[in-house]
Amino acid sequence: MNLKIKSIHLIVALLVLGSGHAQDFKFGKVSMEELQEKVYPGDSSASAAYLLKKRTTYYTYNKSTGLRLITEIHNRIKIYDKDGFDYASEIINLYESGSADEGVSSIKGYTYTLEDGEIVETKLDKKDIFKTEQSKNLNQVKFTMPNVKEGSVVEFEYRITSPFVQSIDEFVFQHGIPIKKLEAEMRILEYFKFNQRTKGFLSFRPSVREFTDHTIGTNVTELTFDLENIPALKDEIFVSNIANYRAGIKFEIVSLEVPGSMYESYSKTWEDVVKTIYRSSSFGDELKRKNYFEEELDAVLAGTSDPYARMGKVLSFVKQKVKWNSYLGVGSNEGTRKAFKDGVGSSADINLMLISMLNHANVKAYPVLVSTRDHGVPIFPTLEGFNYVVAAAKIGDGYHLLDATNSFTAIDVLPTRALNWFGRIISEDGNSDIIDLMPKEKSSDIIMMNVDLTDDGAITAKFRQQFTKNNAFLFRNLYNGGTEESFLSDLEKENGDVEINGYELKNNFDLEKPIMQDYEFYKEDAYETIGGKIYFSPLFHFAVQENPFKAETREFPVDYGFPWQDRHMITINIPEGYKVEHLPEPISMVLPESLGKFTYNISSMQDKISVRVEIEMNTPVFPPHYYLNLKEFYRQVVEKESEKIILAKI
């Protein structure tokens, strides 16, 4: 599916709008004060800052090219330390659709440094500007400013020309670093009507000026934003996509009207969007193709009548036949037939093929339009709201979600990128309804451990860990992404430099079963001996040692990705000659509306201590108003799990 709406070809012979605009910061005039600045005022932790972030977007017209949307960018960035070097690089996304494509021009840039008290300029060389193809509809132009050092100032300008005059890229007013001065300007022709939607938690309002170019009789509405000292929007733990919460403004096309010439409405419902996608040859037609796979698939399904088993076989067959090329989309790029033949394809190639195969296997299946986590959450009905498609197979009264782009997905286990609130399931007639993408069943991480305390403060243990559902998916991708040697080395470090022996992994490729890892480990300095008494946490290094929520308040939802359950079942063998002097008290806590629970049970009998600790979260996403509840919940978890067992000599 095209990522940009096709360009409009207008016959408006005299439409001309100038591009002149005033600047407070003249390109190339960097001051000594800017270069001497050591830290950002008001945020000494900032590794870099925009001294100026400027954008102007407007329209131009000429007879040869027609109407074009122009965006001019001018950024000046101060680099305070090495962590800020990433901000000396720029990535420019350029979209294309058929014969229409966006272009970038007039790229120029300089790096300014202080050397022996003098300002030294280093020019961005054209050979350091690279263009790469990201997908059929997306190219990127990238450059990194030269000679960047701590204390440097980098400055660059460029101009994007787009035929997609209805599609205005979001005006972003907040980043991961602070902004000293932001200037933004949008000039809208009287022919266009846009909805304007503000994002984020900053308060801003544009100044509005309406004027007429009397030479051509064109009315223009100019929106100007002039902001200063914008704080950084810093990523926090358990945020799916921080860009969803950045301050900014989005323009959504409503209509285009040229008096006496044309009128076109873009006010769409979700049904309009879905029908447009469904009727596309790269989507709806691909769902009907099946003669390229029938013979092979029929052989795979022979002798299998149970619908659930047939669904699993189809999913495995597609994953085996076609590998993902990392291109996203809702429409097939080169066609599902070619992807099947070549053994490689886009996410749409693979999952549209999956849907077609499921239906051929008499398992009723439907496409589900999805916006991936890094693409945001679509609010207004727009063709650009979705960038991914998965399958929904109906068996009985329930739906099962499937995705064949990853070797380790399973029935109702989608890749993390697709776990983004709701999707739109499309029926045969092109109608749609929302469908919850979030898993209903909790993913488990279960640890079983039998521990012996040695005489020198160390412990030895027999250890088993079991993962289910999305936890198993994540584990399999991690384990199979490298060598077992590197995996075990990292595992030893993550567990506080333990020594692992006898490692065994079960069900690595049997995706319908929990994955299990078994091993023995040795850990030094696992407990303390003071005055002849032994002190240790019953969870040892598996205790939650730090509250992940430190901020006083939070404006974003807490997004775990999926509901989960962590369970520890530990047996501790009391050393000979010792007895239990003190055990922590059992406890049970429940979050409001039973959204989460913590239980801590401990007991001793003869020569053993039995520990059962469980944390569960029954929802993948917590709205911000639950943040203080979560923060207090974890405070008590940390406090409880840090309590010590005391063993005294008999």
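Quick note on numbering: the sequence shown equals residues 159 to 808 in this note's numbering. Ideal Cβ positions, reconstructed from N, Cα and C, are used throughout, including at glycine.
(request) Please name the residue in Ser505, Met763, Leu560 and Gly501 whose C-alpha comes closest to that of Lys522. (result) Leu560
(message) I need the DSSP call for Ile513, collapsed to helix, strand or coil.
(response) helix
(request) Would you kindly report the start and end of the unbroken beta strand (DSSP E) that includes Met775? (result) Lys766 to Met775
(request) For His740, count neighbouring Cβ atoms within 10 angstroms of its own Cβ and tell me buried if that reaches 16, exposed if not. (result) exposed
(message) What does the alpha-carbon distance come out to for the pair Ile346 and Lys339?
(response) 23 angstroms
(message) Looking only at its chain, what residues have a beta carbon closer than 8 angstroms to the beta carbon of Tyr403, apart from the 5 residues adjacent to it on each side?
(response) Lys357, Gly358, Phe359, Leu391, Val397, Glu713 and Phe714
(request) Decide if Val575 is buried, meaning its Cβ has at least 16 other Cβ atoms within 10 Å, or exposed. (result) Reading off the sequence shown, one finds Arg at residue 575, where the question assumed Val. Per the 10 Å Cβ criterion, buried.
(message) If you measure between the beta carbons of Glu260 and Ser205, is that distance less than 8 angstroms?
(response) Going by C-beta atoms, Glu260 is not nearer than 8 angstroms to Ser205.
(request) Go through the stretch 497 to 568 residue by residue and report every complete run of the beta strand (DSSP E) that reaches 3 residues or more, in order. (result) 523 to 528, 546 to 553 and 556 to 560
(request) Any chance you could list the beta strand (DSSP E) runs of at least 3 consecutive residues sitting entirely within the stretch 315 to 379, in chain order? (result) 337 to 347, 350 to 357 and 365 to 371
(request) Pull up the CB-CB distance for Glu208 and Ile235, whole angstroms please, since I reckon it's below 8 angstroms. (result) Per the sequence presented here, residue 208 reads as Tyr, with Glu not at that position. Contact holds; Cβ gap of about 6 angstroms.
(request) Under 7 angstroms Cβ to Cβ from Val488, same chain only, skipping five residues before and after it: list those, please. (result) Excluding residues within five positions, the ones whose Cβ falls inside 7 angstroms are Met159, Ile435, Phe441, Ala506, Leu527, Phe544, Asn545, Tyr546 and Val547.
(message) So, does the stretch 604 to 624 touch the stretch 675 to 682, judging by three or more C-beta pairs under 8 angstroms?
(response) Three or more pairs of CB atoms, one per stretch, sit closer than 8 angstroms, so the stretch 604 to 624 contacts the stretch 675 to 682.
(request) May I ask you to report which of helix, strand or coil DSSP gives Asn608? (result) strand
(message) Can you find the residues in the same chain that come closer than 6 angstroms, C-beta to C-beta, to Ile773, ignoring five residues on each side of it along the sequence?
(response) Asp724 and Phe756
(message) In whole angstroms, give me the CA-to-CA distance for Asn251 and Ile337.
(response) Their Cα atoms are separated by approximately 22 angstroms.
(message) Rounded to whole angstroms, what is the Cα-Cα separation between Pro573 and Glu657?
(response) 32 angstroms
(request) Taking all protein chains shown into account, decide if Met763 is buried (16 or more other Cβ within 10 angstroms of its Cβ) or exposed. (result) exposed
(request) Count the other CB atoms, across all protein chains shown, that sit within 10 Å of the CB of Gly470; report buried if there are 16 or more and exposed otherwise. (result) buried
(request) Confirm, please, whether the CB-CB distance from Met515 to Val476 is below 8 angstroms. (result) Yes, the Cβ-Cβ distance between Val476 and Met515 is below 8 angstroms.
(request) Please confirm whether Leu510 and Leu445 have their CB atoms less than 8 angstroms apart. (result) yes
(request) Would you tell me roughly how many angstroms separate the C-alpha atoms of Glu341 and Ile569, rounded to the nearest one? (result) Cα atoms of Glu341 and Ile569: separation of roughly 49 angstroms, rounded to the nearest angstrom.
(request) Quickly, what does DSSP pair Trp482 with across the bridge? List them, please. (result) Gly503
(request) Locate the alpha helix (DSSP H) running through Phe714, then write down its first and last residues. (result) Phe714 -> no alpha helix (DSSP H), and no H or E assigned at all.
(request) Measure the Cβ-Cβ separation of Val306 and Ile237 and say whether it is below 8 angstroms. (result) yes
(message) What residue range does the beta strand (DSSP E) around Val299 cover?
(response) Leu296 to Thr302 is the extent of the beta strand (DSSP E) around Val299.
(request) State buried or exposed for Asp613, treating a residue as buried only when at least 16 other CB atoms are found within 10 Å of its CB. (result) exposed
(request) Flag this pair as yes or no: are the beta carbons of Lys300 and Phe314 separated by less than 8 angstroms? (result) no
(request) Pick out whichever of Ser474, Ser529 and Ile605 has its Cα sitting closest to the Cα of Asp668. (result) Ser474
(message) To the nearest angstrom, how far is the alpha carbon of Gly503 from that of Arg437?
(response) 21 angstroms
(message) Between the stretch 775 to 782 and the stretch 693 to 705, can you find at least three pairs of beta-carbon atoms closer than 8 angstroms?
(response) Segments in contact, no.
(request) Mark Ser365 as exposed unless 16 or more other C-beta atoms lie within 10 angstroms of its C-beta, in which case mark it buried. (result) exposed
(message) Rounding to the nearest angstrom, what Cα-Cα distance links Asn517 and Tyr758 in this structure?
(response) 48 angstroms
(message) Considering only DSSP beta bridges, list what Phe780 is partnered with.
(response) Val716
(request) Could you check the C-alpha separation between His179 and Glu368 for me, to the nearest Å? (result) Summary for His179: the model assigns pLDDT 40, below 50, so the residue's position carries little reliability; its value from the coordinates is reported in the next sentence. About 15 angstroms.
(request) Determine, using beta carbons only, whether Ile277 and Val188 come nearer to each other than 8 angstroms. (result) yes
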